[in-house]
Amino acid sequence: MNLLLIEDDRDAAGYLVKALTEAGYRVDHAADGRDGLFQATEHQYDGIIADRMLPHLDGLTIIEILRKQGNHTPVLILSALGSVDHRVEGLRSGGDDYLTKPFAFSELLARIEA
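Quick note, the sequence shown lines up with residues 927 to 1040 if you use the working numbering.
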């Protein structure tokens, strides 16, 4: 399964790429929203994991653009913003799931596999 991780936190991204690769996934990484949108439109992915707050282009805007382009790749939003309103906003933007940071890696894996 090919995944795109869009995450600007270098430590978090390094951990997630390593852990997801060890779990058997092929993972591409984008460190900002512009690069993430570019990779999401230029390559085919089975899933996208996107941070909500990113430099240059936020995660919700990326999802909205992808959906308008007809791209229905499942997107899991990661965010430190965990209120009900924030989660609802993420899902209404076109996200398929929303996981609040910090999270257990086992929960992330379960959501990817669902």
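Note that beta-carbon positions come from the ideal geometry of N, C-alpha and C, so glycine has one too.
From a predicted model like this one, the values you see are computed outputs, not experimental measurements.
Item	Value
Residue(s) in a DSSP beta bridge with residue 928	952
Inter-stretch contact (C-beta, 8 Å, three-pair minimum) for the segment 981–989 and the segment 951–960	yes
Contact belief for residue 966 with residue 1004 at Cβ below 8 Å, rounded distance in angstroms	About 15 Å; that fails the 8 Å criterion.
Alpha helix (DSSP H) segments (min. 4 residues) lying fully within the segment 970–1013	985–994
Residue 964 at chain C interface by Cβ criterion, 7 Å	Going by chain labels, chain C is absent from the structure shown, which holds only one protein chain.
Those residues which DSSP pairs with residue 1023 across a bridge	1002
Which listed residue (1016, 963, 939) has its alpha carbon closest to that of residue 1031	939
Nearest candidate by alpha-carbon position, reference residue 1019, set 968, 935, 988, 941	988
Distance, residue 943 Cα to residue 1006 Cα	19 Å
Inter-residue spacing [alpha-carbon to alpha-carbon] between residue 1034 and residue 1025	8 Å
CA-to-CA distance, residue 977 to residue 1009, given in whole angstroms	15 Å
Neighbourhood of residue 946 by C-beta distance below 7 Å, restricted to the same chain and skipping five residues each side	929, 953
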